[in-house]
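Basically the working numbering = 1-based index in the sequence shown + 3. Every residue gets a Cβ at the ideal spot worked out from N, C-alpha and C, and that includes glycine. Here's the structure, in structure tokens; my notes come after.
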Amino acid sequence: MYRLISCATALFCFLQFLSAANIETDRLALLEGKDKITDDPFSVMNSWNDSLHFCGWHGVTCGYQNKRVVELDLHSLKLRGSLSPYVGNLSFLKVLNLQNNSFGGTIPPEVGRLHNLQSLLLTNNSIAGEIPSNISRCSSLFELGASRNKLVGRIPPGFGFLLHLLCLDLSTNNLTGTIPSSLGNLSSLSMLHLGGNNLVEKIPDDLGNLKNLTILALGSNMLSGIVPLSIFNLSFLAKLDLGSNDLEGHLPSDLGNTLPYLQFLSIAGNQFTGLIPASISNSSNIGVLQMSENYLQGPVPSLQKLHWLTDLVIGDNSLGSGEATDLDFVSSLANATMLQWLDIGPNNFKGILPKIICNFSTLTFLKFESNRIAGKIPTCIESLVELQIFNGWGSQLSGVIPQGIGKLQNLNELDLSINQLSGDIPSSIGNLTKITVLQLSQNNLQGHIPLSLGNCRNLLGLALSQNNLSGRIPSSILSLSTLSIALDLSIYVVALH
Numbered sequence: 004m005y006r007l008i009s010c011a012t013a014l015f016c017f018l019q020f021l022s023a024a025n026i027e028t029d030r031l032a033l034l035e036g037k038d039k040i041t042d043d044p045f046s047v048m049n050s051w052n053d054s055l056h057f058c059g060w061h062g063v064t065c066g067y068q069n070k071r072v073v074e075l076d077l078h079s080l081k082l083r084g085s086l087s088p089y090v091g092n093l094s095f096l097k098v099l100n101l102q103n104n105s106f107g108g109t110i111p112p113e114v115g116r117l118h119n120l121q122s123l124l125l126t127n128n129s130i131a132g133e134i135p136s137n138i139s140r141c142s143s144l145f146e147l148g149a150s151r152n153k154l155v156g157r158i159p160p161g162f163g164f165l166l167h168l169l170c171l172d173l174s175t176n177n178l179t180g181t182i183p184s185s186l187g188n189l190s191s192l193s194m195l196h197l198g199g200n201n202l203v204e205k206i207p208d209d210l211g212n213l214k215n216l217t218i219l220a221l222g223s224n225m226l227s228g229i230v231p232l233s234i235f236n237l238s239f240l241a242k243l244d245l246g247s248n249d250l251e252g253h254l255p256s257d258l259g260n261t262l263p264y265l266q267f268l269s270i271a272g273n274q275f276t277g278l279i280p281a282s283i284s285n286s287s288n289i290g291v292l293q294m295s296e297n298y299l300q301g302p303v304p305s306l307q308k309l310h311w312l313t314d315l316v317i318g319d320n321s322l323g324s325g326e327a328t329d330l331d332f333v334s335s336l337a338n339a340t341m342l343q344w345l346d347i348g349p350n351n352f353k354g355i356l357p358k359i360i361c362n363f364s365t366l367t368f369l370k371f372e373s374n375r376i377a378g379k380i381p382t383c384i385e386s387l388v389e390l391q392i393f394n395g396w397g398s399q400l401s402g403v404i405p406q407g408i409g410k411l412q413n414l415n416e417l418d419l420s421i422n423q424l425s426g427d428i429p430s431s432i433g434n435l436t437k438i439t440v441l442q443l444s445q446n447n448l449q450g451h452i453p454l455s456l457g458n459c460r461n462l463l464g465l466a467l468s469q470n471n472l473s474g475r476i477p478s479s480i481l482s483l484s485t486l487s488i489a490l491d492l493s494i495y496v497v498a499l500h
């Protein structure tokens with residue numbers, strides 16, 4: 004009996020010794036991490052000293068019973084330094100959050116020893132180097148965020164073994180190579196952000212296996228080829244960003260039926276051809292629709308069900324059929340009361356500038372340049388008081404510039420050059436004190452340049468050439484110190500007396 008008690012006591016003492024040794028390992032690992040921090044403007048690391056148990060140090064959370072570090076959260080503290088390889092000794096760590104700091108260096112491969120790690124959050128730092136392939140050993144990981152860093156090299160194919168992963172965000176880095184097809188194994192994945200890198204070649208067909216995906220963001224890479232049809236069948240997608248690549252092919256005709264929950268769709272800056280699917284209106288939750296800078300053609304279908312639309316960007320295509328009904332789709336947006344961004348030029352649209360644009364009271368960006376859009380500028384344009392950009396150059400507008408234009412006091416850019424506008428330049432333009440670019444050249448404007456233009460103290464570019472203006476150039480305009488980019492008052496059209 005005595006021997007049994009002695010053995011039990013010895014075992015208990017040994018376990019206590021091991022526990023104390025492991026706790027000491029955590030303490031030393033934290034102190035090694037502190038030594039790697041070179042700038043601490045909020046002095047949060049001052050608490051990391053032996054006057055207090057490390058479980059009470061700023062950003063450190065320990066397990067209730069074993070007092071081992073389970074969470075290290077130092078996000079948004081303006082810390083500068085690098086990530087210590089000793090972090091790999093924090094064997095019970097579940098959360099490592101260093102987001103929104105100025106950490107540099109590299110991701111130490113010792114992170115791959117953290118088999119209990121669930122969240123690795125390094126977003127918005129200056130971390131460089133390659134992503135260690137052995138992070139794939141962190142088999143409990145469900146969140147990996149390292150966007151807005153300076154990471155290089157390939158995405159490790161081993162990431163396809165992180166079967167619990169819900170979110171993978173490696174966007175806005177300098178990653179190269181292809182998208183690993185092994186990512187198609189991540190059946191639980193909900194968000195995949197790989198945009199803003201230098202990824203090449205085709206989008207893997209295997210990504211179509213990610214049936215739980217709600218966000219697929221691959222924009223601003225160098226991807227090419229045809230988008231796998233299976234991508235357009237990921238029915239839970241709320242955001243699909245394929246913009247600014249070298250992708251080609253047609254959009255499927257049933258896109259609006261297969262993606263019913265879509266809120267954001269961008270294919271801008273690619274080589275897509277064919278029609279905008281008429282079914283697009285069935286994706287009735289869409290807020291942002293970006294299709295500019297492609298080779299799309301034909302009529303724009305009715306968008307009447309897109310009540311939540313805030314951004315419609317379809318310029319730089321070959322849309323329109325040269326018919327008077329080309330702009331009917333604008334009228335179909337009557338219920339899109341939150342529309343802020345309307346960009347439909349350049350294209351092949353014909354028709355009269357529809358007065359319904361005056362109903363879009365939240366509009367900040369209106370761009371319809373280089374089309375065959377005719378008619379007068381509606382006087383009701385004065386109601387668009389949020390408007391910042393008004394660009395209709397190279398159209399067929401006629402009539403006068405409404406006096407009410409001066410009520411658009413948030414206007415930053417007004418370009419109505421190369422039209423058939425007549426009459427005087429309204430004196431109310433002098434109320435546009437925020438305007439930086441004013442271009443009215445190549446019209447049939449007449450009369451004097453209004454003195455009130457001298458009130459536009461932020462003006463960087465002014466172009467009034469090739470009109471029928473007369474009289475002197477007001478000295479208040481010539482004295483505008485901001486006019487450093489362009490001052491086009493050609494003597495061939497402005498008589499200098």
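| Taking only runs of the beta strand (DSSP E) that begin and end inside the stretch 373 to 444, which ones reach a length of at least 3 residues, in chain order? | Runs of the beta strand (DSSP E) spanning 3 or more residues and lying entirely within the stretch 373 to 444 occur at 375 to 379, 392 to 394, 399 to 403, 416 to 418, 423 to 427, 440 to 442, in chain order.
| request: Measure the CB-CB distance between Pro280 and Leu258 and report whether it falls below 7 Å. | output: The count along the sequence shown starts at 1 and reaches residue 280 at position 277. The count along the sequence shown starts at 1 and reaches residue 258 at position 255. Yes.
| said: If you measure between the beta carbons of Gln307 and Ser335, is that distance less than 7 Å? | reply: As a first step, residue 307 must be located in the sequence shown, where it is residue number 304. As a first step, residue 335 must be located in the sequence shown, where it is residue number 332. Here Gln307 is near Ser335, since their CB atoms are less than 7 Å apart.
| Other residues of its chain near Asn422: CB distance less than 6 Å, five sequence neighbours each side excluded | One-based indexing of the sequence shown puts residue 422 at position 419. These residues qualify, in order along the chain: Ser398, Leu400, Asn446.
| request: Would you tell me roughly how many angstroms separate the C-alpha atoms of Thr64 and Asn25, rounded to the nearest one? | output: Translated into the one-based positions of the sequence shown, residue 64 becomes position 61. Translated into the one-based positions of the sequence shown, residue 25 becomes position 22. Rounded to the nearest angstrom, the gap between the Cα atoms of Thr64 and Asn25 is 16 Å.
| query | Where do the ends of the beta strand (DSSP E) carrying Asp331 lie? | reply | Within the sequence shown, the letter at position 328 stands for residue 331. For Asp331, no beta strand (DSSP E) run applies; the uninterrupted alpha helix (DSSP H) run containing it begins and ends at 331 to 334, by DSSP.
| Bridge-paired residues (DSSP) for Gln121 | Here residue 121 is taken as the residue at index 118 of the sequence shown, counted from 1. Paired residues: none, contrary to the question.
| Own chain partners of Lys39 with C-beta closer than 6 Å, once the 5 adjacent residues on each side are dropped | Mapped onto the sequence shown, residue 39 falls at position 36. Within the same chain, Lys39 has close Cβ partners Gly84, Ser85, Ser87.
| With distances taken from CA atoms, which of Asn470, Ser455, Leu463, Ser468 is nearest Leu479? | Here residue 479 refers to the residue found at position 476 when the sequence shown is read from its first residue. For the record, residue 479 in the displayed sequence is Ser; it is not Leu. Among Asn470, Ser455, Leu463, Ser468, the Cα nearest to that of Ser479 is on Ser455.
| query | Hey, Val316 and Ser282: beta-carbon distance below 7 Å or not? | reply | Within the sequence shown, the letter at position 313 stands for residue 316. Within the sequence shown, the letter at position 279 stands for residue 282. Cβ distance not < 7 Å, so Val316 and Ser282 don't count as in contact.
| field | Closest by C-alpha distance to Leu80, when choosing among Gly91, Ile110, Asn127 | value | Within the sequence shown, the letter at position 77 stands for residue 80. Check the Cα spacing between Leu80 and each of Gly91, Ile110, Asn127: the tightest is with Asn127.
| Using DSSP with H/G/I as helix, E/B as strand and the rest coil, what is Ser371? | Position 368 of the sequence shown, counting from 1, holds the residue named residue 371. The residue you asked about is not Ser; residue 371 is Phe in the sequence shown. In the structure shown, Phe371 sits in coil (DSSP, three-state: anything other than H, G, I, E or B).
| Can you tell me whether Tyr89 is buried or exposed, with buried defined as 16 or more other CB within 10 angstroms of its CB? | Here residue 89 is taken as the residue at index 86 of the sequence shown, counted from 1. Burial is judged here by how many other beta carbons sit within 10 angstroms of a residue's own beta carbon; Tyr89 has at least 16 and is buried.
| request: Decide yes or no for the touch test of the stretch 330 to 347 against the stretch 362 to 373: beta carbon pairs closer than 8 Å, at least 3 of them. | output: Yes, the stretch 330 to 347 touches the stretch 362 to 373.
| Neighbourhood of Cys16 by C-beta, 7 Å cutoff - its chain only, sequence neighbours within 5 removed | Numbered from 1 along the sequence shown, position 13 holds the residue referred to as residue 16. Caution applies to Cys16, whose pLDDT of 36 falls short of 50 and renders its modelled position unreliable; the model cannot decide the point.
| message | I'd like to check one pair, Ser305 with Asn351: are the Cβ atoms closer than 7 Å? | response | Counting from one through the sequence shown, the residue named residue 351 turns up at place 348. Counting from one through the sequence shown, the residue named residue 305 turns up at place 302. Going by C-beta atoms, Asn351 is not nearer than 7 Å to Ser305.
| said: Between Leu411 and Leu387, how many whole angstroms is the CB-CB distance? I'm expecting something under 8 Å. | reply: Position 408 of the sequence shown holds residue 411. Position 384 of the sequence shown holds residue 387. Indeed, because the Cβ distance is near 6 Å, the residues count as touching under 8 Å.
| task | Taking Ser139 as the reference, give the member of Val73, Asp29, Ser185 with the closest Cα. | result | In the sequence shown, residue 139 corresponds to position 136, counting from 1. Nearest C-alpha to Ser139: Ser185.
| Is it the case that the Cβ atoms of Leu448 and Asn470 are separated by a distance below 7 Å? | Within the sequence shown, numbered from 1, the residue matching residue 448 stands at position 445. Within the sequence shown, numbered from 1, the residue matching residue 470 stands at position 467. In contact: Leu448 and Asn470 (Cβ atoms closer than 7 Å).
| Cut-off 6 Å between Cβ atoms - residues of its own chain near Gly211, not counting five sequence neighbours on either side | For the purposes of this step, residue 211 is taken as residue 208 along the sequence shown, with counting starting at 1. Taken in chain order, the residues that qualify are Pro231, Ser233, Ile234.
| said: I need the straight-line Cα distance from Lys97 to Asn119, nearest angstrom please. | reply: As a first step, residue 97 is located in the sequence shown; it is residue number 94 there, counting from the start. As a first step, residue 119 is located in the sequence shown; it is residue number 116 there, counting from the start. So the alpha carbons of these two residues sit roughly 5 Å apart.
| message | Taking only three categories from DSSP, how would you classify Val98? | response | As a first step, residue 98 must be located in the sequence shown, where it is residue number 95. If DSSP states are grouped into helix, strand and coil, Val98 belongs with the strands.
| task | Report yes or no: do three or more beta-carbon pairs, one from the stretch 192 to 209 and one from the stretch 170 to 181, lie closer than 8 Å? | result | The stretch 192 to 209 is in contact with the stretch 170 to 181.
| query | Are the beta-carbon atoms belonging to Gly66 and Val73 less than 7 Å from one another? | reply | Numbered from its first residue, the sequence shown carries residue 66 at position 63. Numbered from its first residue, the sequence shown carries residue 73 at position 70. Yes, the Cβ-Cβ distance between Gly66 and Val73 is below 7 Å.
| said: Can you find the residues in the same chain that come closer than 8 Å, C-beta to C-beta, to His253, ignoring five residues on each side of it along the sequence? | reply: Taking the sequence shown and counting its residues from 1, one reaches residue 253 at position 250. Non-local beta-carbon contacts of His253 in its own chain, meaning distances under 8 Å to residues more than five positions away in sequence, involve Phe275, Thr276, Gly277, Leu278 in chain order.
| request: Would you please state the rounded distance, in angstroms, between the beta carbons of Ile432 and Gly450? I believe it to be under 8 Å. | output: As a working mapping, residue 432 is identified with position 429 in the sequence shown. As a working mapping, residue 450 is identified with position 447 in the sequence shown. Not quite, the Cβ-Cβ distance comes to about 13 Å (not below 8 Å), so this is no contact.
| query | With a CB to CB cut of under 7 Å and the five nearest residues on each side skipped, what residues in its chain are close to Pro349? | reply | Your numbering for residue 349 matches position 346 in the sequence shown. Non-local beta-carbon contacts of Pro349 in its own chain, meaning distances under 7 Å to residues more than five positions away in sequence, involve Gly318, Asp319, Glu372, Ser373, Asn374 in chain order.
| task | Have a look at Phe332, Ala339, Thr365 and flag the residue whose alpha-carbon is nearest the alpha-carbon of Leu356. | result | Your numbering for residue 356 matches position 353 in the sequence shown. Per the C-alpha coordinates, the member of Phe332, Ala339, Thr365 positioned closest to Leu356 is Phe332.
| field | Best match in Met194, Ala220, Pro183 for proximity to Glu204 [C-alpha to C-alpha] | value | Taking the first residue of the sequence shown as 1, we reach residue 204 at position 201. Glu204 has its Cα closest to that of Pro183, out of Met194, Ala220, Pro183.
| request: Starting from Ile229, follow the beta strand (DSSP E) in both directions and report where the run begins and ends. | output: Locating residue 229 in the sequence shown gives position 226, counting from the first residue. For Ile229, the enclosing beta strand (DSSP E) covers residues 225 to 229.
| query | Under a CB-based cut-off of 7 Å, is Trp51 close to chain E? | reply | Of the protein chains in this structure there is only one, and it is not chain E.
| Quick one, which of Asn104, Arg71, Leu55, Ala32 has its alpha-carbon nearest Phe45's? | Working through the sequence shown from its first residue, we reach residue 45 at position 42. Comparing Cα-Cα distances from Phe45 to each of Asn104, Arg71, Leu55, Ala32, the minimum goes to Asn104.
| Can you round the beta-carbon distance between Leu481 and Leu465 to whole angstroms, since I take them to be within the 8 Å contact cut? | In the sequence shown, counting from the first residue as 1, residue 481 sits at position 478. In the sequence shown, counting from the first residue as 1, residue 465 sits at position 462. 10 Å between Cβ atoms; not a contact.
| DSSP beta-bridge partners of Ala327 | Position 324 of the sequence shown, counted from the first residue, corresponds to residue 327. DSSP, once it has assigned bridges, lists no residue as partnering Ala327.
| message | Assuming the contact rule is C-beta atoms closer than 8 Å, Tyr264 and Leu240 should be a hit. Round their C-beta distance to whole Å, please. | response | As a position in the sequence shown, residue 264 is number 261, starting the count at 1. As a position in the sequence shown, residue 240 is number 237, starting the count at 1. Sure, about 7 Å apart at Cβ, within 8 Å.
| field | Distance between beta carbons of Asn215 and Ser190, contact taken as under 8 Å | value | For the purposes of this step, residue 190 is taken as the residue at position 187 of the sequence shown. For the purposes of this step, residue 215 is taken as the residue at position 212 of the sequence shown. Between Asn215 and Ser190 the Cβ distance is about 7 Å, and since that is below 8 Å, they are a contact.
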